[in-house]
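Protein chains in written order, with numbering that gives the first Met the number 0: chain Y, 0 to 424; chain A, 0 to 424; chain W, 0 to 424. We put the CB at the ideal spot given by N, CA and C, even for glycine. Quick caveat: nothing in here was measured; it's all calculated off a predicted structure.
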Amino acid sequence: MNVTQRLEVMFDELWPIGRSITGSGYRQSLDILSSVMPTDRLVFKTGLKVFDWLIPKEWIVRDAYLIDPNGKKRAEYKVNNLHLIGYSVPFSGRMGLAQLRPQIHSLPGQPDAIPYLTTYYRENWGFCMSDRELQSLPEGEYQVCIDTELVDGHLEIGEAVIKGKSDREVLFSTYLCHPSMANNELSGPLLASFLYERISEMRNLHYTYRFVVQPETIGSIAYLSKRGDWLKEKLDAGFVITCVGDAGLFTYKSSRRGNALCDRVAKLILRDIGEHRLEAFAPFGSDERQYCSPGFNLPVGSLMRTMYGRFPEYHTSLDDKLFISFDAMTKALEAYLKIVSALEGNWVWKTNFPFCEPQLGKRGLYPTLGAQKQRERKVEALMWILNLADGKSDLLEIAERSGCEVEMLISVASEAEVAGLISKI
Amino acid sequence: MNVTQRLEVMFDELWPIGRSITGSGYRQSLDILSSVMPTDRLVFKTGLKVFDWLIPKEWIVRDAYLIDPNGKKRAEYKVNNLHLIGYSVPFSGRMGLAQLRPQIHSLPGQPDAIPYLTTYYRENWGFCMSDRELQSLPEGEYQVCIDTELVDGHLEIGEAVIKGKSDREVLFSTYLCHPSMANNELSGPLLASFLYERISEMRNLHYTYRFVVQPETIGSIAYLSKRGDWLKEKLDAGFVITCVGDAGLFTYKSSRRGNALCDRVAKLILRDIGEHRLEAFAPFGSDERQYCSPGFNLPVGSLMRTMYGRFPEYHTSLDDKLFISFDAMTKALEAYLKIVSALEGNWVWKTNFPFCEPQLGKRGLYPTLGAQKQRERKVEALMWILNLADGKSDLLEIAERSGCEVEMLISVASEAEVAGLISKI
Amino acid sequence: MNVTQRLEVMFDELWPIGRSITGSGYRQSLDILSSVMPTDRLVFKTGLKVFDWLIPKEWIVRDAYLIDPNGKKRAEYKVNNLHLIGYSVPFSGRMGLAQLRPQIHSLPGQPDAIPYLTTYYRENWGFCMSDRELQSLPEGEYQVCIDTELVDGHLEIGEAVIKGKSDREVLFSTYLCHPSMANNELSGPLLASFLYERISEMRNLHYTYRFVVQPETIGSIAYLSKRGDWLKEKLDAGFVITCVGDAGLFTYKSSRRGNALCDRVAKLILRDIGEHRLEAFAPFGSDERQYCSPGFNLPVGSLMRTMYGRFPEYHTSLDDKLFISFDAMTKALEAYLKIVSALEGNWVWKTNFPFCEPQLGKRGLYPTLGAQKQRERKVEALMWILNLADGKSDLLEIAERSGCEVEMLISVASEAEVAGLISKI
């Protein structure tokens with residue numbers, strides 16, 4: 000099976016599981032991902048203080064549904080796990096529709112979509128259903144069954160590190176707490192896992208690569224309470240992987256710093272790939288909110304396809320397998336691999352011939368038939384490298400200034416080193 | 000009466016007075032303004048050297064007109080004070096039209112407009128009339144009567160200061176030397192006076208506010224000869240108030256520095272208001288020429304509606320009450336008040352939770368029903384503040400980067416302080 | 000004769016000569032130019048190492064042609080010196096068309112153009128002809144005659160220096176190695192020669208002006224081996240003069256530094272002239288490749304009309320007298336002279352009246368009839384100078400910020416100095 004097919008197989012396995020920020024569904028999902036990306040587990044006990052937050056109780060769902068006056072089951076959790084508001088407390092009782100109505104949520108503007116809602120930090124319960132179903136509910140008495148439990152337990156984070164020669168680090172962070180939604184979120188942990196697999200096959204890595212799979216927000220806060228100081232010292236570039244499964248244009252959201260290494264490399268790779276969107280940093284969104292909080296201010300951006308909140312299927316039951324494409328996800332994986340290659344090849348070069356050009360012709364690197372009207376792009380890339388290899392600019396700066404593709408520059412720089420024209424700093 | 004009505008009443012009172020850079024009309028106008036903005040008077044004697052200039056003599060006008068060969072009075076000062084060139088020396092005599100002609104000025108491109116001209120610094124005399132009238136003058140002998148006098152006296156400047164807790168200052172400067180013209184210039188001193196009234200009603204002001212009403216150019220030169228060193232040390236932001244009565248878009252002309260506090264705050268307030276124009280600094284225009292001379296280089300810009308020189312009525316008899324709108328003037332007053340609020344609220348904030356976000360939900364500052372598709376703008380403003388309150392950026396920087404309205408940021412920052420999330424530096 | 004006519008006369012004299020990077024044609028051309036710009040000759044022996052390069056042998060061409068199976072002479076050097084690839088080694092023999100074919104070069108996309116090719120640094124031979132002729136060559140046996148010789152000799156560079164009061168230098172560099180081509184290249188040395196003549200007639204020059212005429216690439220490398228250290232210390236601005244004869248828009252290609260004095264002055268002069276093109280530095284092109292190699296990084300740009308490579312006639316027989324215009328070349332000469340004037344007038348001025356404006360009226364520099372609706376551009380220029388003459392900004396900065404023409408600013412600054420308003424730093 001190729002990667003595209005393997006992504007789909009693993010997607011199908013993960014899809015039906017009822018995940019939340021804690022609990023067995025979350026753990027089971029982490030185990031499935033571990034077949035490709037084996038992760039260590041960081042464990043945080045219920046009630047532990049992490050910065051301004053407390054690790055919540057674990058949430059157990061056994062069953063949840065409504066029975067309408069005609070005896071018909073409605074909003075059944077086992078049919079679609081979006082029907083139950085995440086972290087709903089247990090409840091059992093009978094009530095009229097008017098009384099029940101405020102506990103049921105829908106999206107009038109998207110009448111066929113079941114919205115996704117949670118109530119992690121306030122004891123509450125409720126159901127979500129399509130507005131079409133909500134409008135059609137018969138009057139009368141309803142039976143409400145929410146067979147859930149909130150228990151002391153723990154929150155888990157999966158972590159995997161691939162050691163390179165340097166202790167400078169690159170972070171790939173993704174989250175795994177949403178129930179059955181495809182682009183936001185299964186695409187993230189799926190891509191991260193196969194990215195891990197590919198990087199772990201590479202030899203002679205310069206950077207150390209750190210992968211984190213966690214529940215959104217509370218996960219990254221807990222993670223930073225343990226690894227924040229380390230990352231502040233060691234992290235050169237980081238990326239939140241999310242929304243990488245739809246067929247839209249690539250979007251890069253910058254880190255708070257705006258021109259950190261993560262930002263420079265992602266913008267160049269997207270430039271080389273073609274049409275794309277750039278988003279300035281904003282303190283909304285996903286775990287970059289925590290990574291980029293002012294005390295950490297880590298160099299963490301996010302390379303997505305269509306950004307969260309920008310596609311109508313976002314946070315609804317319409318964000319399903321039909322909405323995404325495993326080809327698109329594979330192409331996003333390739334984009335992330337290009338970023339890795341660019342980071343690995345981002346040396347600071349110094350020309351060995353600073354005064355006038357070296358004679359390329361006698362080294363077989365320049366056409367011997369002079370004055371030709373066309374130049375090869377490869378020769379152009381070499382001339383840019385020789386001109387800009389000042390011992391201070393890194394290769395990404397050469398790519399920025401020259402407009403040459405990063406990939407071409409890395410390969411030409413390597414040839415130029417073999418030819419004795421330039422040296423690594 | 001509301002402010003709009005009061006502006007009109009005072010306008011009607013000021014309109015007919017024959018003002019110049021000195022003299023009784025100027026003083027009378029200053030007295031009228033003092034009913035709303037009581038000013039101290041700075042007095043400069045005729046002949047006093049102020050930098051490279053000399054305070055001129057006072058100009059007294061008793062009467063001025065022509066009598067045409069048919070005995071008809073023409074260009075009578077008492078009918079329209081623009082008919083007489085400002086500072087015309089006394090003259091009485093008879094002459095043919097050919098001889099008189101060079102002393103009469105008109106605007107052939109605006110045949111119904113009487114132009115506004117002055118001859119402050121060279122002894123000369125002349126009349127202005129509409130080109131239509133000029134073209135219709137009969138041949139023959141004219142009687143010229145200019146009953147004026149130039150006497151030793153003094154030049155006066157009105158000054159009012161509202162003390163705040165800090166000795167850092169904000170300057171509002173306007174000029175009062177033009178005869179009957181409405182947008183340029185009565186709108187300026189009118190707005191300044193009511194701005195003074197409004198600020199003087201405010202409690203707990205941080206900044207000290209300084210208001211200056213003076214004859215243009217020679218006034219600001221004289222003023223700077225007295226207060227220049229003080230302003231150089233104390234001034235944080237200043238504005239020349241002029242051309243604020245027409246219905247055109249707001250225009251902000253930057254200070255010479257280009258990114259001083261006056262520039263930043265005015266640009267943000269206009270951004271929040273909506274469509275507007277920005278003008279780079281140029282050493283032409285009004286008293287900003289003196290405030291922004293290189294030795295002072297004060298942070299003084301100018302918030303106008305349509306800029307001087309950009310409307311055809313400028314410096315002609317067409318700049319009259321019909322041309323302006325007291326509603327527009329009131330809206331301009333409100334824009335200046337927004338600037339004051341923004342300056343007063345421009346604290347440097349520091350988050351008390353630099354590492355990861357504080358948990359807003361438990362403080363009632365975040366919706367407890369998570370994952371909703373829409374976010375309130377107020378919550379966004381709070382998240383921006385928490386992310387950017389680094390103890391170095393002022394609130395205007397947060398407004399610049401976030402795109403949030405200054406007014407909203409100030410109010411949300413205040414709530415966040417009460418909630419213990421951020422502190423003033 | 001005016002300059003335009005003299006340019007044409009000299010062009011006609013230079014046109015037929017078979018030039019290369021060495022040899023008698025090159026020397027003869029340098030001698031012709033010396034009638035207007037007398038140059039010293041820097042001489043480099045064959046085999047001498049200059050940085051990474053060796054000075055090549057001299058190339059002597061006595062005759063070269065093909066004889067086709069019908070006895071017709073083809074690709075005869077004496078008819079068009081582009082027919083023979085530059086630096087072709089001697090060859091004499093007979094061969095079939097199939098065997099000869101790879102040695103003949105044409106441009107299928109431009110069927111009537113003979114391409115220009117060289118083989119300086121690899122022993123080889125070949126012919127160039129129009130694709131139309133190539134396609135019409137009859138099958139059969141061809142006689143090949145290349146009566147050339149490669150001998151030990153030397154490479155020559157012409158150099159002329161006009162001493163100014165300062166030892167800070169301005170460089171004009173051009174190249175003279177192409178056979179009969181008009182825009183690229185005779186326009187360059189022609190313009191340079193007459194520019195030399197004009198500058199040498201000027202009195203009280205501030206800058207020292209250095210002119211260099213050399214074979215492209217190897218010439219500038221040899222030149223820099225001798226003068227590189229000196230130029231690194233003394234050069235303030237330099238220009239490669241090439242492609243200045245066509246009727247296209249002016250184009251300025253920046254130096255590697257991007258905002259050096261050469262770049263600032265050229266951009267301003269082109270702004271004042273009108274529509275034009277700006278090109279960022281790229282390490283392709285002409286001798287700026289060597290001047291801007293990272294070890295030298297000299298402030299050298301290039302003011303052209305249509306840039307090399309951007310016109311279809313480039314490096315073909317179509318780049319001939321019909322393609323260029325001596326009027327256009329004269330206008331380019333004038334643009335270069337404007338650059339010289341701007342450099343000579345680029346003083347740092349300091350106002351003698353830093354506090355408020357000096358009173359211009361009493362000095363006859365301002366209209367005494369005040370409040371007029373129109374201002375003269377000259378008065379505006381004076382007000383800009385007074386406002387920006389801070390003793391730090393040079394005149395070009397004042398031109399950049401004010402938008403006033405450099406020429407006007409220089410002349411107004413000079414008047415202002417006479418009036419005692421400003422002083423040179």
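Counted within 10 angstroms of its Cβ, other Cβ atoms place residue i as buried (16 or more) or exposed
i	result
L81/A	buried
S19/Y	buried
R263/W	buried
M9/Y	buried
R131/W	exposed
D228/W	exposed
V150/Y	exposed
S186/Y	buried
Endpoints, the beta strand (DSSP E) within which residue i is located
i	result
K337/Y	Unbroken run through K337/Y is the alpha helix (DSSP H), F325 to E343; no beta strand (DSSP E).
K361/W	That residue, K361/W, is in no beta strand (DSSP E); it is neither H nor E in DSSP.
D393/A	D389 to D393
W348/Y	V347 to T350
F90/A	F90 to G95
Q109/W	Counting along the chain, Q109/W falls outside any beta strand (DSSP E), and DSSP gives it neither H nor E.
V35/A	Where V35/A is concerned, there is no enclosing beta strand (DSSP E), given that its DSSP letter is neither H nor E.
C-alpha distance - residue i paired with residue j, whole-angstrom precision
i	j	result
F50/W	K349/W	45 Å
L106/Y	G419/A	35 Å
F43/A	T216/A	14 Å
M328/W	S301/W	15 Å
K252/A	R309/A	13 Å
D245/A	Y25/A	23 Å
I268/W	R5/W	25 Å
L99/Y	P15/Y	27 Å
L336/Y	R304/Y	15 Å
Selected residue, minimal CA-CA separation from residue i, among the options
i	options	result
A440/A	T45/A, S340/A and P293/A	Residue coverage of chain A in this structure runs from 0 to 424, which leaves residue 440/A outside it and unanswerable.
I272/Y	S19/Y, L234/Y and V405/Y	V405/Y
V160/A	S192/A, E75/A and L149/A	S192/A
I470/Y	Q4/Y, L368/Y and R40/Y	Since the first residue shown for chain Y is 0 and the last is 424, residue 470/Y is missing from the structure and cannot be characterised.
V378/A	D389/A, E396/A and L408/A	L408/A
R362/A	I84/Y, R121/Y and L395/Y	R121/Y
I421/A	D393/A, L116/A and K77/A	D393/A
S179/A	M36/A, N345/A, L364/A and Y313/A	Y313/A
G402/W	P366/W, L321/W, M382/W and I84/W	M382/W
I198/Y	H177/Y, K162/Y and G390/Y	K162/Y
I220/Y	P55/Y, L332/Y and L317/Y	P55/Y
L395/A	Y365/A, V411/A and G344/A	G344/A
Residue i - containing alpha helix (DSSP H), residue span
i	result
D262/W	L260 to I272
G218/W	I217 to K233
E406/A	V405 to V417
request  = Note down, in chain order, all residues in the stretch 112-145 of chain W with a beta-carbon under 9 Å from any beta-carbon belonging to chain Y.
outcome  = P114, Y115, L116, T117, T118, Y119, Y120, R121, N123 and G125
Contacting positions in the stretch 347-373 of chain Y - beta carbon closer than 8 Å to chain W = T350, F352, P353, F354, C355, E356, P357, Q358, G360, K361, T367, L368, G369, A370, Q371 and K372
task = Give the residues from the stretch 378-393 of chain W that approach chain A closer than 8 Å (Cβ to any Cβ), ordered along the chain.
result = Those residues of the stretch 378-393 of chain W placed with their C-beta closer than 8 Å to a C-beta in chain A are E379, M382, W383, L385, N386, L387, A388 and D389, ordered along the chain.
inquiry  = To be precise: take each residue of the stretch 270-299 of chain A, compare its Cβ to all Cβ atoms of chain W, and keep it if any distance is under 8 Å. Which residues remain?
reply    = A281, P282, F283, R288, Q289, C291, S292, P293, G294 and F295
request  = Quick one: which residues of the stretch 48-77 of chain W get their C-beta closer than 7 Å to a C-beta of chain Y? List them in chain order.
outcome  = F50, D51 and W52
key: Near-chain W residues of the stretch 199-233 of chain A (beta-carbon distance less than 9 Å), N- to C-terminal order   = Those would be T216, S219, I220, L223, S224 and G227, in chain order.
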